[in-house]
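**Q**
Number of protein chains: 2
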Amino acid sequence: MAGKQLFIVTGATGGFGSAILRQINLLYGEDAVIIACGRNKPKLDDVTKGFAAGVKHISVDFAERQGLKERCQAIFDLAAGETFSAAYLYNNHGLASDVTRLAQDFDDSAEIEDYFFLNLTSFQVLTAVFLKNFSGVPHTCVNISSKCAVVAFPSMSLYCTGKAARLMLYKCLAAENPEVKVLNYSPGLMLTTMTENFHNTVAVDSTKKTFQAFKEGNLYVDTDESAKKMLGIVKEGSFTSGEQIDFHDC
Amino acid sequence: MAGKQLFIVTGATGGFGSAILRQINLLYGEDAVIIACGRNKPKLDDVTKGFAAGVKHISVDFAERQGLKERCQAIFDLAAGETFSAAYLYNNHGLASDVTRLAQDFDDSAEIEDYFFLNLTSFQVLTAVFLKNFSGVPHTCVNISSKCAVVAFPSMSLYCTGKAARLMLYKCLAAENPEVKVLNYSPGLMLTTMTENFHNTVAVDSTKKTFQAFKEGNLYVDTDESAKKMLGIVKEGSFTSGEQIDFHDC
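First to last, the sequence lines map onto chains A and B.
Each residue of the first sequence is one higher than the last, beginning at 1 in the working numbering.
Each residue of the second sequence is one higher than the last, beginning at 1001 in the working numbering.
#1: Output yes if chain A places a C-beta closer than 8 Å to the C-beta of B:GLY1094; else output no.
#2: Once the 5 residues before and after A:ARG39 are set aside, which same chain residues still bring their CB inside 8 Å of it?
#3: Between B:GLY1242 and chain A, is there a C-beta pair that is closer than 8 Å?
#4: Once DSSP output is grouped into helix, strand and coil, what is the label at B:HIS1093?
#5: What do you reckon, are the CB atoms on B:ASN1184 and B:SER1145 nearer than 8 Å?
#6: Considering only residues of the region 1124-1178 of chain B, which uninterrupted beta strand (DSSP E) runs meet the minimum length of 3 residues and lie entirely inside it, listed in chain order?
#7: Would you say B:CYS1172 reaches chain A, if we count a Cβ-Cβ gap shorter than 8 Å as a contact?
#8: Just to make sure I have the definition right: I need the residues of chain A whose C-beta is within less than 7 Å of the C-beta of B:VAL1204. Which are they?
#9: Alpha carbon to alpha carbon, how far is A:LYS208 from A:ASN197?
#10: Whole angstroms are fine: how far does the CA of A:ASN25 sit from the CA of A:GLY15?
#11: Sort A:GLU111, A:SER85 and A:CYS160 by Cα distance to B:LYS1069 and report the nearest one.
#12: Just reading off the alpha helix (DSSP H) that A:SER18 is part of, what are its end residues?
#13: For B:VAL1099, which residues of its own chain have a beta-carbon under 6 Å away from its beta-carbon, when the five flanking residues on both sides are left out?
#14: Tell me whether A:GLY11 is buried or exposed, calling it buried when 16 or more other Cβ atoms sit within 10 Å of its Cβ.
#15: Taking Cβ to Cβ, would you say B:SER1226 is nearer than 8 Å to B:MET1194?
#16: Keeping to the same chain, check which residues put their C-beta closer than 6 Å to that of B:LEU1173; ignore five residues upstream and five downstream.
#17: Can you round the beta-carbon distance between A:GLY54 and A:VAL33 to whole angstroms, since I take them to be within the 8 Å contact cut?
#18: Rounded to whole angstroms, what's the CA-CA distance from A:ILE233 to B:GLY1094? Just pull it up for me.
#19: Using a cut-off of 8 Å between C-beta atoms, extract the partners of A:CYS37 located in chain B.
#20: Taking contact to mean at least 3 C-beta pairs separated by less than 8 Å, is the region 1066-1084 of chain B in contact with the region 1128-1147 of chain B?
#21: How about A:GLN5 and A:ALA96: are their beta carbons less than 8 Å apart?
#22: Less than 8 Å between the beta carbons of B:LYS1123 and B:ARG1065, yes or no?
#23: Do the CB positions of B:GLY1242 and A:ALA152 come within less than 8 Å of each other?
#24: Need the endpoints of the beta strand (DSSP E) that A:LEU6 sits in, please.
#25: Can you give me the Cβ contacts of A:PHE239 inside the same chain, cut-off strictly under 7 Å, excluding the 5 residues immediately before and after it?
#26: Could you tell me whether the Cβ atoms of B:CYS1141 and B:LEU1089 are closer together than 8 Å?
#27: In three-state DSSP terms, what is A:LEU120?
#28: Measure the alpha-carbon distance for B:GLU1113 versus A:THR161 and round it to whole angstroms.
#29: Take the Cβ of B:CYS1250 as the centre, count every other Cβ of all protein chains shown within 10 Å, and call the residue buried at 16 or more, exposed below.
#30: Which residue comes first and which comes last in the beta strand (DSSP E) that contains B:CYS1072?
#31: So, helix, strand or coil for B:LEU1183, using DSSP?
#32: My output table needs one value for B:ASP1246: the three-state DSSP class, helix, strand or coil.
#33: Using CA coordinates, which residue listed in B:LEU1027, B:SER1018, B:LYS1229 and B:ALA1149 is at the minimum distance from B:LYS1042?
#34: Going by other Cβ atoms of all chains shown within 10 Å of its Cβ, with 16 needed for buried, is A:HIS248 buried or exposed?
#35: Please state the DSSP three-state secondary structure of B:GLY1232.
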């Protein structure tokens, strides 16, 4: 196939996002063009220093309503005019929910809407805009999912709800588009800023103990190991489009 | 136990909502106080004519952001000062999604937000406010769910996504509150205004055929039969809180 492969990675400057960048570079090297969406440019420059892959950077505010569609389009415009053999969207942006409170403590509709806007609506719009770009090129959409999309963890209701919604949306996307590859990937519990925040603030004992056991048993998944596995699954292409695959199950 | 039983039913004036009202009246008669939330008062009066159960009516706009929490509280204020032996919330309001389009056709964030506000955020806020009322009285929260919460149907992505989100939210609610009974009830495919609309406009052939088969085989579930079964399950109380129960599986 002619052309390089294009990778768009959101939430790219930290945690699992950075690991995705590193593993793309290791696996594809100069055959890859990466568009990294993240708001901390110096940190991103650090992460991608010495990459053989081409890296473009864009700062995108996925929490702001006004002009979201245009901001999403601006991401893909960075690759306009080039020819690619494949285009991959790694939808990794998102925000941790407040885990100090229970479901019944969320009664402020503006707060709930803000959460779902960033974690669900912007995810949907980005996907829709992505699929309108790079016509004729095979598209792969990856949802960075979670075990929380399928298991209800006490005091993580907003997080679980948003993840369950994203999973179903991508299942529908897969069911509607046999020509698009859709992966819901649950990367395992990793020691990132988000999980540390969960760990330190979670309200319910049973969930706190789950985090505690991971910390004490040193069971956290390495971000690079998980990203490598995910990229391998996508490259291999043998997964059932739309299904959720968990790091621990493959 | 002292006092009557209180039933709050949203989306009460049509389809499955009306059937819930009728079946509450049949099952509990004058032991029930029903607060029916619906915007068509004359239609509601028709449905509840001759009821032995007490009926109060309130028109609630669940689509309007401003003052949602206060509007939810106003529902429960209708029962203030009375003593109840149990309080049940039947969360039945919602809107059909546009099924003429596929997931990738939804790129207007305002449209997506409006959909999730009515079908998810208002559902969450109503539940939260409900649980703050009627202190000391056993609470039961019922999500009128759907098979679409667990199965991805092509061209019904918004609907499926919203239903999957509600299901997970209520699973979390159950996991967090052993003292609250939480039922996710999938009533089966019924011939309501919503399903007729789905039937007539759905974009994808496979989903259209599913609806067609139901119509031709006369397989639609009767709304009253399904509501009766649901109320029986709740009254019996033998379900596992948080799990989804389908009309066809019980």
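Built from N, CA and C at the ideal position, the CB exists for glycine as well.
Please read these numbers as outputs of a predicted model, since none were measured by experiment.
**A** Looking at the atomic coordinates:
#1: Chain A contact via Cβ: absent.
#2: Excluding sequence neighbours, A:ARG39 sits near THR13, SER59, VAL60 and ASP61.
#3: B:GLY1242 counts as touching chain A.
#4: The DSSP-derived three-state label of B:HIS1093 is coil.
#5: Yes, the Cβ-Cβ distance between B:ASN1184 and B:SER1145 is below 8 Å.
#6: Whole beta strand (DSSP E) segments, 3+ residues: 1139-1144.
#7: Judged by the 8 Å Cβ criterion, B:CYS1172 is in contact with chain A.
#8: The contact set of B:VAL1204 on chain A, defined by CB atoms closer than 7 Å, consists of GLU176 in chain order.
#9: A:LYS208 and A:ASN197 have their C-alpha atoms roughly 11 Å apart.
#10: Cα to Cα, A:GLY15 sits roughly 16 Å from A:ASN25.
#11: Comparing C-alpha distances from B:LYS1069 to each of A:GLU111, A:SER85 and A:CYS160 shows the shortest one belongs to A:GLU111.
#12: Note, A:SER18: alpha helix (DSSP H), 15-28.
#13: Its chain contains SER1155, MET1156, PHE1198, THR1201 and VAL1202 as the residues whose beta carbon lies nearer than 6 Å to that of B:VAL1099, once the 5 sequence neighbours on both sides are disregarded; these appear in chain order.
#14: Buried.
#15: Contact: no.
#16: Correct list, in chain order: VAL1182.
#17: With a Cβ gap of about 5 Å, A:GLY54 and A:VAL33 count as contacting.
#18: One Cα belongs to A:ILE233, the other to B:GLY1094, and the distance between them is close to 38 Å.
#19: Result: empty, since nearest Cβ-Cβ is about 17 Å, beyond 8 Å.
#20: With the cut-off at 8 Å, the region 1066-1084 of chain B and the region 1128-1147 of chain B touch.
#21: The beta carbons of A:GLN5 and A:ALA96 sit no closer together than 8 Å.
#22: Looking at the sequence provided, one finds Phe at residue 1123 of chain B rather than Lys. No, the Cβ-Cβ distance between B:PHE1123 and B:ARG1065 is not below 8 Å.
#23: Yes, Cβ-Cβ distance for B:GLY1242 and A:ALA152 is below 8 Å.
#24: Under the DSSP assignment, A:LEU6 falls in the beta strand (DSSP E) whose first and last residues are 4-10.
#25: These residues qualify, in order along the chain: LEU183, ILE233 and ILE245.
#26: Taking 8 Å as the cut-off, the beta carbon of B:CYS1141 is found closer than this to the beta carbon of B:LEU1089.
#27: In the three-state reduction of the DSSP assignment, A:LEU120 falls in the helix class.
#28: Rounded to the nearest angstrom, the gap between the Cα atoms of B:GLU1113 and A:THR161 is 15 Å.
#29: With fewer than 16 other Cβ atoms within 10 Å, it is exposed.
#30: From DSSP, B:CYS1072 is part of no beta strand (DSSP E) but of the alpha helix (DSSP H) over 1068-1077.
#31: Strand.
#32: Three-state DSSP puts B:ASP1246 in a strand.
#33: Looking at the sequence shown, residue 1042 of chain B is not Lys but Pro. For the options B:LEU1027, B:SER1018, B:LYS1229 and B:ALA1149, the alpha carbon positioned closest to that of B:PRO1042 is the one of B:SER1018.
#34: Taking all protein chains in view, the Cβ of A:HIS248 is surrounded by fewer than 16 other Cβ atoms within 10 Å, so the residue is classified as exposed.
#35: The answer is helix: DSSP assigns B:GLY1232 an H, G or I state.
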